[in-house]
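Report on the structure given below.
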Amino acid sequence: MAVGVFDLFSVGIGPSSSHTVGPMRAAAAFAAELADAGVLPAVAGLRVDLYGSLAATGRGHGTMTAVLLGLEGFAPELILPEQVDKRLADIAATGKLRLGAELPGDRGVVLAYTAEDIILHPLTILPRHTNGVKFAALDAGGAVLHEGTWFSVGGGFIVRDGEEDAAAAELESSKAQLPYPFRTAAELLAHCEANNLSISQVMLANEMASRTEADIRAGLLHIRDVMEECKNSAIRRTGLLPGGLNVRRRAPAWHTRLRAEDPTRDPKFWQEWVNLVALAVNEENASGGRVVTAPTNGAAGIIPAVLFYATHYGPGMEGATPAERDDVVVRFLLAAGAVGVLYKEQASISGAEVGCQGEVGSASSMAAAGLAEILGGTPAQVENAAEIAMEHNLGLTCDPIGGLVQVPCIERNAIGAAKAVNAAKMALWGDGDHRVSLDEVIITMRETGRDMSDKYKETAMGGLAVNVVEC
Ligand code: SF4
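Per my numbering, the very first residue in the sequence shown carries number 48; after that it's consecutive.
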């Protein structure tokens, strides 16, 4: 299927879309293959090999535990944080894994499991992508019953090795069903101009190729609700974030302080509220909580923070009805999604592929587009807002300390949100005519990512990850 808004905004668990959500999906796909092939009852053992970035930072990103849950058949969009805790505690206590038990139908098989069943190859990069995971199911004699390799290519998207061409062909054919297919910003703007449509209207028309307008609206409002609950959950939690870095949660105290200092939602506090939402969402992500990948988990706080700005400080929002606020949410997410499609099509949203510019940069650019759209920007101004936000995230490296999605990730989301607001405001003070196009910036991001040392692509082998003492 063509990449759509519900691919870019999907519900999952933290802390990483590429290292948690994607591997869980891959493991669940492997378990489903075993069940469909009828070999599940014969499986007596498993071997999982993690390659490249998944192996280098998998421990801090929760990859191993995500793989275990996926092998049990859990889906990241459905599993609840309390189920995560319970199943992992059970596996640790019993040393037993229920392979395929959560798949539809009663098909699970109980296996002995030890940490040695997952083998790490941090220095081995498979040809297709740095985030590779290979599964092998073994019979009682140790012979391989079934095996398969998947790649987690960012934002929770996965590709099975050997099926890349089929997936690309399916993508191209599904795009032919869209009324306004686009791969580049130039094509998107041409559709807007030829049909007198806004960017969110083009995206809506494309989404309606596969679902009704009512379903799209309900789905996007559900995404907003999960973002909101994610923030609310974070401000109820106190203490340190997990992982051993001793990072304090700041959202609860900041929320208490803001409620006291800004009881009437004075616009002069907008920046503090935007910071709070970004921090809260990313603290929840770092805690393994339920988040919306937007378009990734590491950058999950930016779009909720800027959406908060849009629905609280945007034009006409004071005194707006719930339905009017909902309209703003839908238009914002559609415009942001359209820009997300451009990054997926022309570059990457994977920190392991292009560094943090692909995660925080893409999210900032998407948020800027969403905000410019609901502030009344023309398509050219929306494109300009997205371009400004990415232009000033070019070269941003990925260097998470301890391989955890905490430092610099959490604060970086607040900064990315601020850039998005500023980019939208700058674009709206222009007329849409500008020197550097969004397509040029996207290509530059892709090329910069290609030239970037692997040390700065989600391996925790460079930058802050090696220069800051962990204690
Ligand atoms: S530095 Fe950026 S890309 Fe890397 S883990 Fe953190 S948010 Fe993701």
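Idealized CB from N, CA, C, for every residue including glycine. These numbers were taken from a predicted model, which means no experiment stands behind them.
Would you call residue i buried or exposed, if buried means 16 or more other Cβ atoms sit within 10 Å of its Cβ?
i: Gln-428; result: buried
i: Leu-170; result: exposed
i: Ala-344; result: Just to set this straight, residue 344 is Asn in the shown sequence, not Ala. By the 10 Å Cβ count, Asn-344 comes out buried.
i: Thr-104; result: buried
i: Val-90; result: buried
i: Trp-197; result: buried
i: Trp-320; result: buried
i: Lys-504; result: buried
i: Val-513; result: exposed
i: Glu-438; result: buried
i: Ala-370; result: exposed
i: Lys-391; result: buried
i: Pro-174; result: exposed
i: Thr-303; result: exposed
i: Ile-166; result: exposed
i: Pro-226; result: exposed
i: Thr-285; result: exposed
i: Ser-500; result: exposed
i: Arg-72; result: buried
i: Thr-161; result: exposed
i: Ser-65; result: buried
i: Glu-308; result: exposed
i: Gln-163; result: Sequence check: residue 163 is Glu here, not Gln. Per the 10 Å Cβ criterion, exposed.
i: Gly-366; result: exposed
i: Arg-464; result: According to the sequence displayed, residue 464 carries Ala and not Arg. With 16 or more Cβ atoms within 10 Å of its Cβ, Ala-464 is classed as buried.
i: Gly-335; result: buried
i: Arg-497; result: exposed
Which first and last residues belong to the alpha helix (DSSP H) in which residue i is found?
i: Leu-236; result: 232-242
i: Ile-246; result: 246-254
i: Ala-159; result: Counting along the chain, Ala-159 falls outside any alpha helix (DSSP H), though it belongs to the beta strand (DSSP E) covering 156-159.
i: Thr-166; result: At residue 166 the sequence reads Ile, which differs from the Thr that was named. Per DSSP, Ile-166 belongs to no alpha helix (DSSP H); it is in the beta strand (DSSP E), 165-168.
i: Ala-370; result: 369-393
i: Lys-502; result: It is not in any alpha helix (DSSP H) - Lys-502 carries neither H nor E in the DSSP assignment.
i: Asn-178; result: Per DSSP, Asn-178 belongs to no alpha helix (DSSP H); it is in the beta strand (DSSP E), 178-185.
i: Ala-470; result: 456-475
i: Asp-446; result: Careful: Asp-446 lies outside any alpha helix (DSSP H) and carries neither H nor E.
i: Lys-222; result: 211-222
i: Phe-355; result: 349-360
i: Asn-431; result: 426-438
i: Phe-77; result: 69-83
i: His-66; result: Careful: His-66 lies outside any alpha helix (DSSP H) and carries neither H nor E.
i: Met-413; result: 407-421
i: Leu-275; result: The sequence shown places Glu at residue 275, not Leu. Run containing Glu-275: 260-283, per the alpha helix (DSSP H) assignment.
i: Pro-299; result: 298-308
i: Thr-110; result: 110-118
i: Gly-398; result: 398-401
i: Glu-365; result: First-last for Glu-365: undefined, no H or E at that position.
i: Glu-513; result: With the sequence shown as reference, residue 513 is identified as Val, and Glu is not the correct amino acid for it. 511-514 is the extent of the alpha helix (DSSP H) around Val-513.
Compute the beta-carbon to beta-carbon distance between residue i and residue j, rounded to the nearest angstrom, for a pair I have assumed lies under 8 Å.
i: Phe-121; j: Gly-195; result: Actually they do not touch by this definition, with Cβ atoms about 18 Å apart.
i: Ala-433; j: Ile-349; result: Contact flag wrong, Cβ pair sits at about 13 Å.
i: Val-339; j: Cys-277; result: 7 Å
i: Pro-62; j: Ala-346; result: Incorrect: roughly 12 Å between the Cβ atoms, too far for contact.
i: Leu-87; j: Val-191; result: Not quite, the Cβ-Cβ distance comes to about 15 Å (not below 8 Å), so this is no contact.
i: Ala-281; j: Ala-327; result: 4 Å
i: Ala-394; j: Met-508; result: The pair is not a contact, with the Cβ atoms about 23 Å apart (cut-off 8 Å).
i: Val-353; j: Gly-405; result: About 18 Å; that fails the 8 Å criterion.
i: Ala-325; j: Ala-461; result: 4 Å
i: Leu-511; j: Pro-426; result: 38 Å between Cβ atoms; not a contact.
i: Ala-525; j: Ser-412; result: Residue 525 lies beyond the stretch modelled for the chain, which goes from 48 to 518, so this question has no answer here.
i: His-193; j: Leu-81; result: 6 Å
i: Met-255; j: Ile-263; result: 7 Å
i: Asn-329; j: Ile-457; result: 4 Å
Can you tell me where the beta strand (DSSP E) holding residue i begins and where it ends?
i: Gly-201; result: 191-201
i: Tyr-98; result: 92-98
i: Arg-145; result: 143-146
i: Ile-60; result: 57-60
i: Thr-340; result: 337-340
i: Arg-207; result: 204-207
Say yes only if the C-beta of residue i is nearer than 7 Å to one or more non-hydrogen atoms of ligand 2, and no if none qualify.
i: Ala-91; result: Ligand 2 is not among the ligands present in this structure, which contains only ligand 1.
Can at least three beta-carbon pairs, one atom from the region 410-423 and one from the region 441-452, be found at a separation below 8 Å? The region 410-423, when compared against the region 441-452, does not touch it at the 8 Å Cβ threshold.
With a threshold of 8 Å, are at least 3 pairs of Cβ atoms found where one atom belongs to the region 244-256 and the other to the region 363-383? Judged by Cβ distances under 8 Å, the region 244-256 makes contact with the region 363-383, as three or more pairs qualify.
Within the chosen definition, does the region 147-161 reach the region 112-131 through at least 3 CB pairs nearer than 8 Å? yes
Decide yes or no for the touch test of the region 287-304 against the region 446-456: beta carbon pairs closer than 8 Å, at least 3 of them. yes
Tell me, please, whether the region 178-188 touches the region 95-110 by the rule of three or more beta-carbon pairs shorter than 8 Å. yes
Count Cβ pairs between the region 474-488 and the region 222-232 that sit closer than 8 Å; are there 3 or more? yes
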